[in-house]
Every structure is written in C-alpha cells, then in structure tokens.
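A.B. asks: Pasting a structure here, questions to come.
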Amino acid sequence: MAEPKPLMYAELLANIRQISVIAALETPCHSSTRVELSADGHQFTLHHEGKTTVLNLPGTTSPNIQLQKPALGAKELSWRLPLVSEPTASSAESSDAPWPAKDLDEDSEFRCRSCAEVVVGKGKVTVWKDLPSENWADMMDFWHCHKPSAPANGDHSHDEASSRGYGANTKFTAQPTVGFVDLTTFLLAESDCRGIEPKTPAEEASAEVSQYQPLICKTCHTYIGHVDHAADGYRLYKWRLQTLTLTQIHDAPSSTSYYYQPSTSSIIAFHLHSILTNQCTSRLLLIPPNFRPSPTPTPSPSPFPLLLLHLWILTPFLSYSTSTSTTPSPSPSSPSPSSAMKLFYRPIHLPSSSTSSSSSSPSSSANDVTTLLTDPSIDEVQLPADTIFEIERALRESRRLLPGSMAAFRGWEVGLLERG
C-alpha cells in the first residue's frame with residue numbers, strides 16, 4: 001500500500017490580497033523538509049520524507065519572497081503568500097446557473113438522470129423564459145408605491161399594481177409550449193411532460209392531502225419534481241435531469257455526444273447565493289417540504305431518520321486548490337484550482353416514528369429546531385428530503401480536502417459546495 005501523501009490546501013483571500021497555504025503531514029517535520037515556489041509564482045512545492053508534492057495555487061504570488069522555514073516537529077504548516085495578480089471573477093461567479101433560458105430552444109430535450117428516459121421531448125417547449133427572483137413582486141410593489149410620481153397620500157392598492165403586471169398578487173402559471181426557468185427548477189405545463197406522474201404517499205390517503213405532491217419517473221420511480229398547484233403545472237428539479245449534448249473533439253472527424261448533468265451541489269449553491277444576495281441572510285435551515293416541528297417523532301414510512309441542515313455561508317465564491325484528487329493521476333502536480341461555496345454546517349437528525357420506540361421522550365434536537373424556526377435571522381429553505389441528504393454528504397466528503405485545523409470551528413463543521 002502506498003504511503004499517504006501530505007495534504008496541501010490553498011485558498012485565495014481576495015479581500016486582503018493573500019493566498020493561504022496549509023500543509024498537513026503524516027509525520028513530523030524535520031530538517032530535510034523544505035518548500036519552494038515555481039519561477040512563475042503559480043505553484044507551491046513541498047519536499048518531505050523523500051517525496052515531492054506540488055500544489056497549483058489559486059492565484060499568482062511573487063516567486064522572490066522569502067518563505068518561512070517549516071517548524072521542526074510540526075505536523076501542520078501554514079504560510080500566507082502575497083497576491084501579485086489582479087483577482088478576477090471566477091468562472092462560477094461570472095456564469096449563470098445551469099440551463100438558463102437563453103441557452104435553451106425548441107430542440108432542448110431533458111431526460112431523467114437516473115434512467116435516461118425522456119421527460120421533456122424536443123419541440124414540446126418552443127419558448128423558454130427566465131423567472132424573476134422570488135421576491136420580485138414585493139419589490140415592484142414597493143417601487144410602485146414610492147416612485148416619485150406617486151400621490152402624496154401614497155394610496156395604491158395591490159389590485160392596481162397587479163393590473164400593471166407586477167403586483168404582489170401577480171403569479172406565473174404554466175403555459176403549454178412555454179418553459180419557465182429559475183435557478184433550480186423548470187415550470188412546465190403537464191401536457192409538455194411525459195414519462196412522469198404525480199405520486200400521493202400512502203400515509204396521506206386518509207388524511208389531508210399534502211400541499212407537496214412529488215413527481216416520479218414512471219420507469220425508475222426516481223423523484224424528479226413536484227406538482228406546483230399554485231402555478232397549475234409541474235416543477236422539474238434541474239439536479240434530477242440531464243441533457244444529451246454534442247461536442248466537437250479536436251481533430252476528430254465527427255462530433256461526440258455525452259450527457260450533461262450539472263451536480264446537485266452546484267445548482268443548490270446558486271440557489272443559496274441568491275438567497276444571500278436578495279434576502280441578506282447568511283444563515284439558512286434546509287428542511288423537507290411540509291415539515292412541522294414536533295416534540296414527538298413524525299409519522300413516516302421511511303426507515304431513515306429525518307435530516308435537517310443548519311447552514312452558515314462564510315464565502316459565497318471561493319477559489320481554492322488542493323493536493324487531493326478524486327481521480328488518480330500520474331502527475332505529481334495537484335488538480336487545477338476550483339470554485340466553491342464555503343460554509344459552516346450542522347446536521348440535525350430527527351427520528352421518525354419507525355426508528356423510535358413509543359416510550360421515547362421528546363428529543364433535544366426537536367427543541368433545537370423549534371428555536372431555529374423562530375429565529376428571525378435564519379431563513380428556511382425547502383428541499384426534498386433526499387436532496388438534503390445529498391447536500392450533507394457532499395459537505396461531509398469535502399472535509400477530506402481540508403486540513404484538520406480547518407475542518408471544524410466552535411461546534412460547526414466546515415464544508416465546501418462545488419460551484420461548477
């Protein structure tokens with residue numbers, strides 16, 4: 001078995017024009033351990049125990065600076081390097097969320113990501129339109145009431161604003177052949193979709209029908225969206241879809257097709273950043289639809305505990321690099337710098353009725369959730385239960401990229417969400 005290599009991590013601190021570099025060693029640093037910069041200031045090299053590890057920096061530093069010598073006996077080393085290049089917007093920061101309306105046309109076709117069954121066929125949607133932000137109507141209402149030409153008494157009804165097309169009462173409804181696009185979903189008419197059907201959970205058959213009615217793929221039974229009763233249409237989750245894309249390989253005589261499927265992490269990260277920008281809220285609570293806190297376990301047919309995620313956005317756009325790669329490479333150099341959202345997070349596990357005995361007492365987690373839900377500084381974000389598990393898993397797996405001192409802070413776990 002190959003001996004583990006040192007874990008090296010660097011992130012760009014654009015606000016203070018520095019690059020932070022941390023190296024975690026398996027064995028203590030000794031007199032032969034040394035570090036150096038490449039001549040162009042793009043790479044940081046560590047020599048330890050006869051091995052060389054090269055880290056591609058997320059920015060350019062001066063190759064002439066005097067690097068601090070590694071401290072003897074230490075197993076975690078750190079440096080702060082001056083940034084000499086002008087920080088530029090990362091590709092993730094300057095790009096749109098996956099599948100904006102401007103990139104779609106009547107030939108756009110979407111398939112179930114699990115089984116590749118077509119759910120939106122070519123030619124079914126001839127016009128694609130971007131939906132405005134969630135709070136657009138309230139903002140337009142506010143502008144209409146307070147614009148300079150408003151009468152002194154400021155008496156404007158919502159009905160008047162609605163008649164102008166932008167009141168708080170205004171809503172978008174699904175229209176045949178028209179696809180409405182937001183950061184995470186497509187709003188489509190039922191007639192434009194195929195291979196999917198609504199599902200009514202069995203436990204709701206004799207109770208009040210839930211407002212959240214999932215859509216499943218008829219072929220593989222994967223949850224692919226939900227019925228939007230308010231908009232009279234279907235909401236399809238982007239992270240459950242894929243599209244067949246043609247690409248031209250250099251020097252190849254013909255184009256090659258492949259399935260394009262942006263990661264769940266990248267799509268949700270755009271959504272979280274939108275909330276941060278529009279609501280000025282950095283603390284979020286991810287909860288399943290129709291979740292209601294209760295001191296007793298919530299009846300559920302699922303054998304798994306209910307998971308909620310408390311998030312605190314630290315850096316919405318982070319450029320970083322690491323010596324850890326998900327794929328083996330013959331090169332000693334690290335992967336290229338990546339973009340991510342950096343967060344504090346706390347998983348909150350609530351037992352379902354099937355995992356708790358009837359004699360179980362109210363859990364402290366349930367009380368914690370009630371406190372979080374009543375905290376005005378925290379915004380609730382509804383996501384399907386399996387998607388919350390997927391986000392938690394992505395955050396947990398990202399921690400292996402971070403040195404030990406960076407993976408936790410005062411009761412919070414630290415994680416990275418891919419930004420594409």
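Numbering (this note's numbering), first residue to last: 1 to 420. Cβ atoms here follow ideal geometry from the backbone N, Cα and C, with glycine treated the same way.
#1: Evaluate residue 103 with the Cβ neighbour count: other Cβ atoms within 10 Å of its Cβ, from every protein chain shown; 16 or more gives buried, anything less gives exposed.
#2: Can at least three beta-carbon pairs, one atom from the segment 221-232 and one from the segment 307-317, be found at a separation below 8 Å?
#3: How about residue 63 and residue 10: are their beta carbons less than 8 Å apart?
#4: What's the gap between the Cα of residue 236 and the Cα of residue 179?
#5: For the candidate residues 341, 84 and 350, whose alpha-carbon lies nearest to that of residue 385?
#6: What's the gap between the Cα of residue 243 and the Cα of residue 33?
#7: Provide the residue(s) that pair with residue 179 in DSSP beta bridges, ordered along the chain.
#8: For residue 122 and residue 241, what's the separation of their Cα atoms in angstroms?
#9: Go ahead and label residue 27 buried or exposed: buried means 16 or more other beta carbons lie within 10 angstroms of its beta carbon, across all protein chains shown.
#10: Taking its Cβ as the centre, do 16 or more other Cβ atoms sit within 10 Å of residue 375, making it buried, or is it exposed?
#11: I'd like to know whether the C-beta atoms of residue 25 and residue 48 end up nearer to each other than 8 Å.
#12: In chain order, what residues of the same chain lie with their CB nearer than 8 Å to the CB of residue 76, ignoring the 5 residues before and after it?
#13: Measuring only the C-alpha atoms, how far is residue 85 from residue 60?
#14: Would you report the Cα separation of residue 414 and residue 343, rounded to the nearest angstrom?
#15: Could you tell me which of 268, 313, 276 and 37 sits nearest to residue 54, measuring between CA atoms?
#16: How many Å lie between residue 110 and residue 370 at the Cα?
#17: Looking at the structure shown, is residue 54 part of a helix, part of a strand, or coil, going by DSSP?
#18: So, is residue 174 buried or exposed, given that buried needs 16 or more other C-beta atoms within 10 angstroms?
#19: Run through the DSSP bridge pairs and tell me what residue 415 is partnered with.
#20: Ordered along the chain, which non-local residues of its own chain (more than five positions away) have a Cβ less than 6 Å from that of residue 372?
#21: Along the chain, where does the beta strand (DSSP E) containing residue 315 start, and where does it finish?
#22: When DSSP labels each residue in this structure, what does residue 291 get in the three-state scheme?
#23: Would you call residue 392 buried or exposed, if buried means 16 or more other Cβ atoms sit within 10 Å of its Cβ?
#24: Are the CB atoms of residue 317 and residue 97 nearer to each other than 8 Å?
#25: Flag this pair as yes or no: are the beta carbons of residue 321 and residue 5 separated by less than 8 Å?
#26: Round the Cβ separation of residue 70 and residue 35 to the nearest angstrom and send it over; I've been treating them as touching at under 8 Å.
#27: List the DSSP bridge partners of residue 233.
#28: Does the separation of the CB atoms of residue 265 and residue 101 fall below 8 Å?
#29: Would you identify the three-state DSSP class for residue 44, choosing helix, strand or coil?
#30: Would you give the residue range spanned by the beta strand (DSSP E) that residue 11 belongs to?
#31: Relative to the C-alpha of residue 222, which residue among 315, 282 and 116 is closest?
#32: Span of the alpha helix (DSSP H) holding residue 397?
C.D. replies: Taking the coordinates as given:
#1: So residue 103 ends up on the exposed side.
#2: Segments in contact, no.
#3: Not closer than 8 Å, so no.
#4: Rounded to whole angstroms, the gap between the alpha carbons of residue 236 and residue 179 is 11 Å.
#5: Closest by alpha carbon: 350.
#6: Looking at the two C-alpha atoms, the distance is approximately 49 Å.
#7: Answer by DSSP bridge pairing, in chain order: 128.
#8: One C-alpha to the other measures close to 15 Å.
#9: Its Cβ having fewer than 16 others within 10 Å, residue 27 is exposed.
#10: Classification of residue 375: exposed, given that the 10 Å Cβ count is below 16.
#11: Residue 48 is positioned such that its CB atom lies closer than 8 Å to that of residue 25.
#12: Answer for residue 76: 22, 23, 24, 25, 403, 404 and 405, listed in chain order.
#13: Roughly 5 Å between the two C-alpha positions.
#14: Note on geometry: alpha-carbon atoms of residue 414 and residue 343 lie some 6 Å from one another.
#15: When only C-alpha atoms are compared, the closest one is 37.
#16: Whole-angstrom Cα-Cα distance: 39 Å.
#17: Here residue 54 sits in strand by DSSP.
#18: Its Cβ being crowded by 16 or more others within 10 Å, residue 174 is buried.
#19: In DSSP, residue 415 forms a bridge with 343.
#20: 285 and 378, listed in sequence order.
#21: 306-322 is the extent of the beta strand (DSSP E) around residue 315.
#22: Of the three classes helix, strand and coil, the one that applies to residue 291 here is coil, per DSSP.
#23: Answer is buried; the Cβ neighbour count reaches 16.
#24: Going by beta carbons, residue 317 and residue 97 fall outside the 8 Å limit.
#25: Their beta carbons are not under 8 Å apart, which means residue 321 does not touch residue 5 by this criterion.
#26: Contact holds; Cβ gap of about 7 Å.
#27: Residue 233 pairs with 228.
#28: Cβ distance not < 8 Å, so residue 265 and residue 101 don't count as in contact.
#29: In the structure shown, residue 44 sits in a strand (DSSP, three-state: E or B).
#30: Note, residue 11: beta strand (DSSP E), 7-13.
#31: Checked all of 315, 282 and 116; the closest Cα to residue 222 is 116.
#32: 385-398 is the span of the alpha helix (DSSP H), which, as asked, contains residue 397.
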